[in-house]
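Numbered according to the working numbering, the sequence shown spans residues 424 to 912.
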Amino acid sequence: MYVRKFEADSLDEALANIKAELGPDAIILKTQTNKGIKGAFKKKKIEITAAISEKNYTKKAKVDNVLNPEQKDSFYKNNSSYIANMINSHDQNTNGQAQTNSLNGYGSLGLNRKVSAVEENSSQANSGLDDFLNSIDREEVKKAAANAESEHFNDFLNGDFSLEEEIQEEVIVERPQVQHARSVQSQPLHETRANSEEVSELMETQRNKIDELEKKIFELSQSVQVMTKPQALGVKEMVTIFRSLDIEERYIQKVVRKANFELSDEEKENPDTVFEFALKEMMGEVRTAMPLFSSVDNEESKTVTVLISDASCGQSSMLTKLSALKQDSVIIRNKANTGFKDNTSFSEKFFNVESNICESISEIVAQTRKSIETKKNVFIDYKATNQEINEIKKFVDGLRRSFENVEVLICLSGINTELYNRKVLNRYANIANGLVVTHLDQCLNYGSLFNLAIDFNSLPYKFFGTGEIVPDDLEAATAERILAGIFKL
Numbered sequence: 424m425y426v427r428k429f430e431a432d433s434l435d436e437a438l439a440n441i442k443a444e445l446g447p448d449a450i451i452l453k454t455q456t457n458k459g460i461k462g463a464f465k466k467k468k469i470e471i472t473a474a475i476s477e478k479n480y481t482k483k484a485k486v487d488n489v490l491n492p493e494q495k496d497s498f499y500k501n502n503s504s505y506i507a508n509m510i511n512s513h514d515q516n517t518n519g520q521a522q523t524n525s526l527n528g529y530g531s532l533g534l535n536r537k538v539s540a541v542e543e544n545s546s547q548a549n550s551g552l553d554d555f556l557n558s559i560d561r562e563e564v565k566k567a568a569a570n571a572e573s574e575h576f577n578d579f580l581n582g583d584f585s586l587e588e589e590i591q592e593e594v595i596v597e598r599p600q601v602q603h604a605r606s607v608q609s610q611p612l613h614e615t616r617a618n619s620e621e622v623s624e625l626m627e628t629q630r631n632k633i634d635e636l637e638k639k640i641f642e643l644s645q646s647v648q649v650m651t652k653p654q655a656l657g658v659k660e661m662v663t664i665f666r667s668l669d670i671e672e673r674y675i676q677k678v679v680r681k682a683n684f685e686l687s688d689e690e691k692e693n694p695d696t697v698f699e700f701a702l703k704e705m706m707g708e709v710r711t712a713m714p715l716f717s718s719v720d721n722e723e724s725k726t727v728t729v730l731i732s733d734a735s736c737g738q739s740s741m742l743t744k745l746s747a748l749k750q751d752s753v754i755i756r757n758k759a760n761t762g763f764k765d766n767t768s769f770s771e772k773f774f775n776v777e778s779n780i781c782e783s784i785s786e787i788v789a790q791t792r793k794s795i796e797t798k799k800n801v802f803i804d805y806k807a808t809n810q811e812i813n814e815i816k817k818f819v820d821g822l823r824r825s826f827e828n829v830e831v832l833i834c835l836s837g838i839n840t841e842l843y844n845r846k847v848l849n850r851y852a853n854i855a856n857g858l859v860v861t862h863l864d865q866c867l868n869y870g871s872l873f874n875l876a877i878d879f880n881s882l883p884y885k886f887f888g889t890g891e892i893v894p895d896d897l898e899a900a901t902a903e904r905i906l907a908g909i910f911k912l
């Protein structure tokens, strides 16, 4: 795998550079936008980390060797699909896969080749397609047509197409004669059609049973192949790496089955090809989404965002970062659970974020209604350490009945174990809309976050907290960020 970092002033410029340097088959591993206080000291606004397999890069290099600089610029401005097709075609031609010398005038179809099965049983074994076409005696064909006993055939040759209804009636009557030759002669037409429908249903049932039997035979044959056939080198290395990264065994076997089905034997022996295939599969497993407060189209409609967790996990800092993203934001905290005494922190004062501490749930609801009426977005810091899940559910249901746009996000910490985060998710999954993860910069096991994304696919990741600076150390959740952490890219 070749991995490179590209810097540019815009996303389009960065993608164009990636296409020109690595080709259309490159995979984007990480995208970073340099904004805020930290981004002011960097020259470029966009940083993208991309990778490509050695095989695809070699094919692209062959094309670059035959193009001059002007041709390169013109070539890589085309669509990615067109570029990929041209690279693959050039690679096939250079490897001698066309084999045009063996196909005498009929392209890759090879229609003029001699058939070995005919050579053994026919005296005309040396004749190809051209000889066969030339050997047809056209005079005999004309005589056969003239001597045909059917008048319908002659009418058809003369252009009389009015016999279509008669032919259809004959077909309808003759179908049941295959199964019931004696009974059809004494049955009216509607009974004959009824019998034909019964035969059709019976045949359809038999076909379904045959399809099910074939599926079972295929599954058994695949199981036997897995037990008897040794694992390919590339697949074996992929399994070893995934197990060392604490990826779930169930998902590893899923990728192995898909690789055995979609990759050729040669590709399965190449570790880079198998790794690239597995990387694409993993990209589709991590679900991400934008938060509700950034996707509401009507600016007059304000949102209520609730962050919920069991214990201390950086939730309050995360809430401050989120509230700093929106103007006219209000933070509401529950004093009984958060332990906050001071109304407003320095960061909240700096970003002009209003903060309120409430004594009870009823006071939280009243303060939320007041803020919504004054056209402000509300962020609720809610820790439910000592509360029953039914009480929390009643609180969330009450908010959703009282206000239109309510989103509940479960707050997880990247430094907590997978077992603890799984426990929190099992408790609040039914009342939540998504996930946020704090302390991602201190996470030692990104594989656990990937496993949670698979098992709780209905809860997309929405934000990642990567440090203490407000609001710079906050990222929109992406699958590339988790995969980059897993493989140390």
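C-beta: ideal position from N, C-alpha, C; glycine also.
In the DSSP annotation of this structure, the continuous segment of the alpha helix (DSSP H) that includes Q676 starts and ends at 672-685. The alpha-carbon separation between L702 and I640 amounts to approximately 31 Å. In the three-state DSSP reduction, F498 falls in the helix class (H, G or I). Check the Cα spacing between V860 and each of R756, I833, G870, V893: the tightest is with I833. The stretch 507-514 makes no contact with the stretch 467-474: fewer than 3 CB pairs, one atom from each, lie closer than 8 Å.
In this structure, DSSP gives A712 a state outside helix and strand, which the three-state scheme calls coil. Residue pairing by DSSP leaves I506 without any beta bridge partner.
Per DSSP, A900 is not a residue of any beta strand (DSSP E), being assigned neither H nor E.
In this structure G737 is buried. Its beta-carbon is surrounded by 16 or more other beta-carbon atoms within 10 angstroms. R756 is bridged by DSSP to I780, D804. For Q455, the enclosing beta strand (DSSP E) has its first and last residue at 450-456.
For the 8 Å CB-CB criterion, I469 and A437 form a contact. Close CB contacts of A655 within its chain, under the 6 Å cut and outside five residues either way in sequence, are with K691, E692 (chain order).
V658 carries a helical assignment under DSSP once its states are collapsed to helix, strand and coil.
Just measuring C-alpha positions, the residue of S687, D688, V697, K638 sitting nearest V678 is V697. A straight line joining the alpha-carbon of I803 with that of S644 spans about 56 Å. Assigned with DSSP and collapsed to three states, A701 falls in helix. Within the DSSP bridge table, the entry for I471 names F429, T454 as partners. In terms of CA proximity to T889, K744 leads the group Q676, K744, Q515.
Within the DSSP secondary-structure output, Y884 pairs in a beta bridge with T711, L858. Contact annotation: I795 and F818 have beta-carbon atoms that are not nearer than 8 Å.
The Cβ-Cβ distance between T728 and L748 does not fall below 8 Å.
The C-alpha of K482 is placed about 6 Å away from the C-alpha of D514.
For L842, DSSP assigns no beta-bridge partner whatsoever. Here DSSP, grouped into helix, strand and coil, assigns E830 to strand.
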